[in-house]
Amino acid sequence: MTKTNQKIPEGWSIKKLADCCSMSSGGTPSKNNSDFWNGDIPWISASAMRGIFFSSSEEKITELGLQKGSHSVNKGDLLLLVRGSMLWNCIPIGIATRKLAFNQDVKGISVKNNITNQFLLYWFKTNEHFIKNMVVGTGIGAGKLDTQELNNIKILLPPLAEQKKIAEILSCWDEGIEKLSALIEKKKIQKKALMQQLLTGKHRLKGFKKPWIDVDLASILQYEQPSKYLVDEVLIYNKSKIPVLTANKAFILGSTNDTEGVYNKGDCIIFDDFTTDIKYVDFPFKIKSSAIKILTPLKSETNLKFVFEQMKRLKYPLGGHKRYYLSEFQYLPISLPCPAEQKAIADILSKADEEIELLNKKLEAFKLEKKALMQKLLTGQIRVKVN
34 MTKTNQKIPE GWSIKKLADC CSMSSGGTPS KNNSDFWNGD IPWISASAMR GIFFSSSEEK
94 ITELGLQKGS HSVNKGDLLL LVRGSMLWNC IPIGIATRKL AFNQDVKGIS VKNNITNQFL
154 LYWFKTNEHF IKNMVVGTGI GAGKLDTQEL NNIKILLPPL AEQKKIAEIL SCWDEGIEKL
214 SALIEKKKIQ KKALMQQLLT GKHRLKGFKK PWIDVDLASI LQYEQPSKYL VDEVLIYNKS
274 KIPVLTANKA FILGSTNDTE GVYNKGDCII FDDFTTDIKY VDFPFKIKSS AIKILTPLKS
334 ETNLKFVFEQ MKRLKYPLGG HKRYYLSEFQ YLPISLPCPA EQKAIADILS KADEEIELLN
394 KKLEAFKLEK KALMQKLLTG QIRVKVN
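Take the position in the sequence shown, starting the count at 1, then add 33; the result is the number in my numbering.
Right under this line is the structure:
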């Protein structure tokens, strides 16, 4: 987004977004007419743009359905989500890889001859923060991007040759990020296979022959209620402060300035009494939810990391909004080898986790570097040489 007092790089110009592209609205053919559906043209809705661009949830319409109720873009055009709660988190946008139809929650964007589609895509990603401020309306399923306001945005536009070079550089970064992401997924699959072999006893480590025994969790773990470690206010995460945890997907909810009542007794497992989600924690923390149980070994010979890995394999059906650990979950059995074998297996799996964690940190660093570079390239702070 161009600021009024921003210096214009030599050879660049200022244009309104409407001068660089045209937007078309989509629609939904009547669901009651079978002649409109199950055709050959992919039809994109908000749900199909969730997460990665164009999910497998896309439907298909016929040519007649396109004529009567929708609109299409061609390969290379952009699709932008303009309505839905996702807009509060990100601005889903991507380039069509084929002819596509779309519904009323989406806008098709065709570039004019003064801009390339790749450059425009990176411009959207760079200015996502400002574009989100143009979203009006709240609530589940609500939130609409004001496209009239969007069309009036002024953008810095380099010559086409420089646009192409900028997009080429950023595409190389994207390719590297995609390859690293694929490697991380491969390592996760490898670890899962390793767990299946090591945690079931199908593959025994050299030097271990003693039979495994089945024990329930209550016989090897003790629990502690989180009341002493609860926090009222959760702040934006700051590495220098005490983290506030949950056992669910988010894990680190944020930080707290409260240094009283911090759990600092060593490694533990935190267990969500309602969802049965678990996390292994090896650092001091505080808790937000009273539904968390803090689990530690009853005996020092029990390897908590091994138990954690076994607990992740447990399949437990949930039903109703109730607490599970004391009434049911603690009585579930796991297979347990001797302490030395527990440690040996846990060490192997921990090394796999460390490798994945290092790759994840590298990925996040790449994303931050690319974001910073993109900002500088698209504002002319860094100029590229054009052959």
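C-beta: ideal position from N, C-alpha, C; glycine also. None of the values given here were measured: they were computed from a predicted structure.
Item, Value
"Using alpha carbons as the reference points, say which of G59, L111, E334 lies closest to R131.", "L111"
"Flag this pair as touching only if the region 145 to 157 and the region 176 to 183 have three or more C-beta atom pairs under 8 Å; answer yes or no.", "no"
"With distances taken from CA atoms, which of V417, H236, L410, T309 is nearest I381?", "H236"
"Where does the unbroken beta strand (DSSP E) through Y313 begin, and where does it stop?", "311 to 314"
"Which runs of the alpha helix (DSSP H) fall wholly inside the region 111 to 189 and span at least 4 residues, in chain order?", "150 to 159, 161 to 165, 180 to 184"
"So, with DSSP's three-state summary, where would you put D380?", "helix"
"Which residue's Cα is closest to the Cα of W45: I367, P192, Q100?", "P192"
"Using C-beta distances below 8 Å, list every residue in its chain close to K321, excluding the 5 sequence neighbours before and after it, in chain order.", "L263, V264, V267, V277, L278, T279, L286"
"Please confirm whether A194 and V417 have their CB atoms less than 7 Å apart.", "no"
"Determine the extent of the beta strand (DSSP E) in which C301 is found, giving its start and end residues.", "301 to 305"
"Keeping to the same chain, check which residues put their C-beta closer than 7 Å to that of D138; ignore five residues upstream and five downstream.", "S78, A79, L114, V115, R116, G117"
"Could you give the residue range of the alpha helix (DSSP H) that holds V340?", "337 to 345"
"With three or more C-beta pairs closer than 8 Å as the rule, is the region 244 to 260 touching the region 378 to 394?", "no"
"Where DSSP assigns a beta bridge to D247, which residues make up the other side?", "S368"
"Within the same chain, show all residues whose beta-carbon is closer than 8 Å to that of I415, passing over the 5 residues directly before and after it, in chain order.", "L406, K409"
"From this set, I303, A129, A134, which residue's C-alpha is nearest T61's C-alpha?", "A134"
"Going along the chain, which residues of its own chain have a beta-carbon closer than 6 Å to the beta-carbon of E293, five neighbours each way excluded?", "none"
"For F304, count neighbouring Cβ atoms within 10 angstroms of its own Cβ and tell me buried if that reaches 16, exposed if not.", "buried"
"If you reduce the DSSP assignment to three classes, tell me which class Q223 lands in.", "helix"
"What would DSSP say about E218, mapped onto helix, strand or coil?", "helix"
"For G141 versus V169, is the C-beta distance shorter than 7 Å?", "no"
"Which residue comes first and which comes last in the beta strand (DSSP E) that contains G287?", "285 to 289"
"Can you tell which of K165, L337, S67 has the C-alpha that lies nearest to the C-alpha of P370?", "L337"
"With respect to the beta strand (DSSP E) encompassing L254, which residues constitute its N-terminal and C-terminal limits?", "254 to 257"
"Enumerate in chain order the residues of its own chain whose CB-to-CB distance from K145 is below 8 Å, with the five nearest sequence positions on each side excluded.", "D52, C53, C54, S55"
"Under 7 Å, do T329 and Q255 count as touching if we go by C-beta distance?", "yes"
"Name the residue from K187, L99, S214 whose alpha carbon lies nearest to the alpha carbon of K400.", "S214"
"Taking all protein chains shown into account, do 16 or more other C-beta atoms lie within 10 angstroms of the C-beta of L153, making it buried, or fewer, making it exposed?", "buried"
"Between the Cα of S103 and those of K261, G59, K224, I325, spot the shortest distance and give me the residue it belongs to.", "G59"
"DSSP state of Y262, grouped into three classes?", "helix"
"Which of the three DSSP states, helix, strand or coil, is assigned to W70?", "strand"
"Taking the C-alpha atoms as reference points, what is the distance between F69 and I124?", "29 Å"
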